[in-house]
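S.K.: Residue numbers (our numbering), protein chains in the order written: chain U, 770 to 982; chain Y, 770 to 982; chain S, 770 to 982; chain G, 770 to 982.
Note that the Cβ used here is the ideal one computed from N, Cα and C, for glycine as well.
All values reported here derive from a predicted model rather than from experimental measurement.
Here you go, one structure.
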DNA sequence: GATGAATGAGCTTTCATTCAT
DNA sequence: AATGAATGAAAGCTCATTCAT
């Protein structure tokens with residue numbers, strides 16, 4: 770995977786961005802290469818020319834984004850001098866920020882997990898495993914240091930972290946409506962949401978992992 | 770909605786079940802009416818004949834399942850003589866059971882929220898709103914009775930409930946692999962999972978809502 | 770193969786005939802299903818609908834025609850009471866008539882032997898083997914009866930029979946031009962040609978197989 | 770035609786050879802310029818650049834090979850001091866050798882005669898006419914000298930010569946299989962075949978043209 | 001002179017739907 | 001009421017060729 774140093778040119782990036790958005794909005798089969806090409810303002814033959822096929826296009830999107838996440842997580846691990854809970858908080862912030870800033874890809878990921886739509890399943894499993902291992906490590910460390918309680922269902926905590934974050938992102942439109950915030954700008958709302966989910970999850974992890982509130 | 774007293778005949782039910790499964794597995798556009806008709810062992814023209822169109826077919830699936838959930842929630846509300854936390858627990862159990870038993874529809878719902886795939890958005894919003902209102906009511910009641918703490922982000926708690934549950938269901942295959950439980954039967958694993966998510970969420974709500982652990 | 774009782778309807782026959790002609794004129798890849806559909810005056814989707822694919826269409830053509838030839842040969846074998854040379858003459862007449870009457874299929878066959886264009890090679894080999902075996906049998910019979918000479922290269926005689934006949938058919942246009950017969954009708958010319966090739970080959974076989982002229 | 774003094778450079782020759790092979794194997798439309806360029810190890814744009822178009826490429830192949838044949842025939846005519854039958858034998862040898870050594874081009878020729886695949890028909894007709902005129906001349910000479918019989922269908926004899934030779938070449942694979950010679954090398958088999966066809970045709974012409982056996 | 005990038009046109013096949021019975 | 005036959009539209013992809021350098 771590491772050999773795939775992705776240096777895409779301008780047109781390729783246009784295609785990738787447009788495809789990400791359309792795949793997110795309409796699903797893999799719901800977004801046609803014709804539509805993608807048209808919205809990306811490139812010739813339809815370019816997609817096959819650059820990426821080989823529609824399937825390889827979505828794989829390229831996955832590769833591009835997943836590497837981002839993996840690299841982010843790796844970085845977190847290296848940071849040694851934080852307290853256990855601070856590390857957890859950092860992780861939450863980082864994860865929420867990552868998927869908040871890539872809402873389209875978040876939707877694709879959710880779809881991909883829910884189904885099998887010509888999507889590289891192994892890649893997804895790999896990054897999920899890494900996430901789980903990381904959280905497990907952080908929690909075990911905290912427990913060894915006596916900072917965290919003993920009886921924790923780590924995997925379920927990961928599911929809550931990922932599931933809640935994802936769900937908030939994909940329910941954005943609904944939440945905006947429910948809270949009567951349809952007037953404010955997309956970006957501002959997303960920023961508010963990011964903070965709110967972050968805080969919620971931090972609180973959740975704190976009360977579960979420690980004795981404090 | 771109320772006029773839609775759904776009395777489907779055998780063939781219609783076959784179509785609905787098969788379509789639910791295939792839509793869940795391959796997405797709305799990924800599942801062709803040909804495939805659905807073939808797997809449901811009915812003539813291909815039957816789908817248009819009975820449901821009008823592919824879109825109306827998936828709407829029928831939604832209507833059928835969503836009514837189920839709504840009715841379940843209504844029932845819960847009526848039950849007056851439970852303690853606040855017991856009501857929350859009951860809700861969690863009920864919700865988790867509902868989507869655990871309908872994993873295909875759960876996947877469709879998740880997809881539908883993540884995107885717009887010719888799916889009745891309003892219906893989804895309606896049932897989500899109802900869910901939110903119900904939780905809000907339960908929490909407020911608990912707070913009035915002094916059983917729950919004051920500073921609760923209700924909407925985020927709903928997101929955690931729904932998001933975690935959904936995520937566990939759609940990640941079933943991954944979890945099975947990670948836990949090396951690939952040998953045991955599908956049903957048994959689902960049962961275990963149901964219990965585990967239930968307990969996890971109950972614990973989560975308890976430590977967040979009350980002072981106890 | 771025998772289960773394929775080919776009972777084609779009118780439209781299917783139109784498609785088969787047109788496809789045979791266009792495949793003969795432009796080759797497998799040179800004749801598009803669009804063109805075939807248009808010239809056969811059927812909807813383009815009908816070809817996939819009836820035959821599955823372009824490849825299966827040409828296979829159907831082969832199956833249809835090759836069965837004809839095979840059945841013709843089988844019939845000849847049964848005819849017991851002819852003299853050896855008369856049998857050979859009968860075979861020549863029959864073979865020449867067969868491919869003269871199906872000039873399009875003759876061209877397809879020639880192309881198919883010359884190359885590999887998504888054509889059922891085994892079917893061709895099978896019918897060629899049958900042809901060879903039949904000629905071998907006729908010549909051996911004649912030799913046993915003392916009617917034919919001993920030193921005959923049977924396979925090469927078959928090659929001459931088939932090669933000459935094919936070549937005359939596919940060179941029709943050239944021959945017509947060389948002989949300045951461009952004025953006479955297609956059918957009449959073909960009839961003349963059939964007779965001429967037939968006589969030529971009969972004479973050839975006679976002088977090679979026997980002592981007479 | 771005579772102005773086309775063909776002095777091709779290395780890359781052009783690579784293209785011509787590869788194209789000849791691929792056209793022979795898959796037909797004109799079945800062989801893409803992409804495939805040709807790739808197998809010839811040249812840039813895809815080179816083909817249009819050097820030859821103008823795909824059609825002009827196959828024309829170049831024809832021109833190159835047909836000139837060969839024509840020149841060979843011309844040479845034969847000049848040779849005065851051979852007996853009539855010896856001249857015929859020489860012609861047979863020369864012709865069979867020519868197409869045996871160029872099996873790919875032989876296949877292209879056969880295809881070209883069978884159909885119209887963007888192939889220079891006039892060129893083919895021209896060389897065929899020359900061949901016919903030559904044989905006619907040789908036979909007439911022989912008849913004048915009293916060496917040959919009078920009643921000869923010259924054109925059909927040409928058809929037998931060309932048709933049989935072609936057919937043997939394009940049926941090579943089948944013959945190899947029928948004779949259980951699949952073990953021996955390609956070259957050796959081709960050599961054997963060349964001799965066998967040659968002898969067969971010589972014998973054929975001898976018994977038809979003369980009284981001897 | 002030579003080539004990687006790019007393109008419009010065309011390919012085969014499948015789609016959801018409708019028609020005639 | 002129910003269905004096999006049929007269809008126009010659109011799908012993903014490859015084609016031979018041209019363009020800009």
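Count the other CB atoms, across all protein chains shown, that sit within 10 Å of the CB of residue 949 of chain S; report buried if there are 16 or more and exposed otherwise.
M.R.: By the 10 Å Cβ count, residue 949 of chain S comes out exposed.
S.K.: Could you name the residues of chain S that residue 947 of chain G contacts, counting a contact when the two beta carbons are closer than 9 angstroms?
M.R.: Result: 894, 897, 898, 901, 924.
S.K.: Please compile the residues from chain S whose C-beta is within a distance smaller than 8 angstroms of the C-beta of residue 985 of chain G.
M.R.: Missing from the structure shown is residue 985 of chain G; chain G here goes from 770 to 982 and no further.
S.K.: On the three-state DSSP scale, how would you describe residue 848 of chain Y?
M.R.: In this structure, residue 848 of chain Y counts as coil in the three-state DSSP scheme.
S.K.: Taking residue 874 of chain S as part of the alpha helix (DSSP H), name the residues at either end of that continuous run.
M.R.: Unbroken alpha helix (DSSP H) run through residue 874 of chain S: 872–883.
S.K.: Comparing alpha-carbon positions, which option in G:954, G:926, G:935, G:940 lies nearest residue 977 of chain G?
M.R.: The residue with the shortest Cα to Cα distance from residue 977 of chain G is G:926.
S.K.: Check whether the stretch 933–950 of chain Y touches the stretch 865–878 of chain Y, counting contact only when three or more Cβ pairs, one atom from each stretch, lie closer than 8 angstroms.
M.R.: Yes, the stretch 933–950 of chain Y touches the stretch 865–878 of chain Y.
S.K.: Since residue 973 of chain G meets chain S, which of its residues come closer than 8 angstroms, beta carbon to beta carbon?
M.R.: Going along chain S in sequence order, the residues near residue 973 of chain G (Cβ under 8 angstroms) are 929, 973, 977.
S.K.: Below 8 angstroms, how does it come out for the stretch 802–821 of chain Y and the stretch 835–842 of chain Y: are there three or more Cβ pairs, yes or no?
M.R.: Flag = no, the stretch 802–821 of chain Y and the stretch 835–842 of chain Y do not touch.
S.K.: Roughly how many whole angstroms lie between the Cα atoms of residue 856 of chain U and residue 818 of chain U?
M.R.: Their backbone Cα atoms lie some 44 angstroms apart in a straight line.
S.K.: Contact between the stretch 776–795 of chain S and the stretch 774–784 of chain G is defined here as three or more beta-carbon pairs at a separation below 8 angstroms; is this criterion met?
M.R.: Counting Cβ pairs under 8 angstroms, fewer than three are found: no touch.
S.K.: Please classify residue 791 of chain S as buried or exposed, where buried requires at least 16 other C-beta atoms within 10 Å of its C-beta.
M.R.: Residue 791 of chain S is buried by the Cβ-count criterion.
S.K.: What do you reckon, are the CB atoms on residue 962 of chain G and residue 861 of chain G nearer than 8 angstroms?
M.R.: Not closer than 8 angstroms, so no.
S.K.: In whole angstroms, what separates the C-alpha of residue 943 of chain Y from that of residue 918 of chain U?
M.R.: Whole-angstrom Cα-Cα distance: 27 angstroms.
S.K.: Going along the chain, which residues of its own chain have a beta-carbon closer than 7 angstroms to the beta-carbon of residue 835 of chain Y, five neighbours each way excluded?
M.R.: Cβ within range, chain order: 892, 896.
S.K.: Should residue 905 of chain G be listed as close to the ligand ADP, given that the test is whether its C-beta is under 7 angstroms from any heavy atom?
M.R.: This structure simply doesn't include the ligand ADP, nor any ligand for that matter.
S.K.: Please return the same chain residues whose Cβ sits closer than 6 angstroms to the Cβ of residue 770 of chain U, not counting the five positions on each side in sequence.
M.R.: Its pLDDT being 38, under 50, residue 770 of chain U is placed unreliably in this model, and the coordinates cannot settle the point.
S.K.: For residue 979 of chain U, which residues of its own chain have a beta-carbon under 8 angstroms away from its beta-carbon, when the five flanking residues on both sides are left out?
M.R.: Only 854, 916, 917, 918 meet the Cβ criterion.
S.K.: Residues of chain G with a CB under 8 angstroms from the CB of residue 761 of chain S: which are they?
M.R.: No statement about residue 761 of chain S is possible, as the shown extent of chain S runs from 770 to 982 and does not include it.
S.K.: Exposed or buried, which one is residue 823 of chain S when buried takes at least 16 other CB atoms within 10 Å?
M.R.: Its Cβ being crowded by 16 or more others within 10 Å, residue 823 of chain S is buried.
S.K.: Assign residue 800 of chain G to one of three DSSP states: helix, strand, or coil.
M.R.: DSSP places residue 800 of chain G in coil when its eight states are reduced to three.
S.K.: Identify which residue in U:884, U:929, U:901 has its Cα closest to the Cα of residue 947 of chain Y.
M.R.: Minimum Cα distance to residue 947 of chain Y is reached at U:901.
S.K.: Any beta carbon from chain U within less than 8 angstroms of residue 781 of chain Y's own beta carbon?
M.R.: By this cut-off, residue 781 of chain Y is not an interface position.
S.K.: With residue 915 of chain S as the anchor, note down where its alpha helix (DSSP H) starts and where it stops.
M.R.: Where residue 915 of chain S is concerned, there is no enclosing alpha helix (DSSP H), given that its DSSP letter is neither H nor E.
S.K.: Give me the chain S residues within the contact set of residue 864 of chain G, using Cβ-Cβ distance strictly less than 7 angstroms, ordered along the chain.
M.R.: Near residue 864 of chain G there are no residues of chain S at all, since even the closest Cβ is about 13 angstroms away, more than 7 angstroms.
S.K.: Can you have a look at residue 941 of chain S and say buried or exposed, based on whether 16 or more other CB atoms are within 10 angstroms of its CB?
M.R.: When all chains shown are included, residue 941 of chain S counts as buried.
S.K.: To the nearest angstrom, report how far apart residue 795 of chain S and residue 965 of chain S are at their CA atoms.
M.R.: Those two C-alpha atoms are separated by around 28 angstroms.
S.K.: Could you give the uninterrupted runs of the beta strand (DSSP E) lying entirely in the stretch 801–834 of chain S, keeping only those of 3 residues or more?
M.R.: Runs of the beta strand (DSSP E) inside the stretch 801–834 of chain S: none found.
S.K.: Counting only beta-carbon separations shorter than 8 angstroms, does residue 967 of chain U have a partner in chain Y?
M.R.: Not closer than 8 angstroms to any Cβ of chain Y, the Cβ of residue 967 of chain U fails to qualify, so no.
S.K.: Using a Cβ cut-off of 8 angstroms (strictly closer), state whether residue 960 of chain G contacts chain S.
M.R.: Closer than 8 angstroms: no.
S.K.: Identify, in the order they occur along the chain, each residue of the same chain with its Cβ nearer than 8 angstroms to the Cβ of residue 874 of chain S, setting aside the five sequence neighbours on each side.
M.R.: So the list reads 789, 793, 830, 834, 868, once near-sequence residues are dropped.
S.K.: Excluding sequence positions up to five away, which residues of its chain have a Cβ less than 6 angstroms from the Cβ of residue 938 of chain Y?
M.R.: Correct list, in chain order: 868, 872, 875.
S.K.: Drop a sphere of 10 angstroms on the beta-carbon of residue 773 of chain G, count the other beta-carbons inside from all chains shown, and report buried for 16 or more, exposed for fewer.
M.R.: Confidence in residue 773 of chain G is poor, its pLDDT being 49 and thus under 50, which makes the residue's placement unreliable; the coordinate value appears in the next sentence. Result: exposed.
S.K.: If you drop the 5 nearest sequence neighbours on each side, which residues of the same chain put their C-beta closer than 6 angstroms to that of residue 809 of chain U?
M.R.: Closer than 6 angstroms at the Cβ level, and outside the excluded window around residue 809 of chain U, lie 783, 784, 787.
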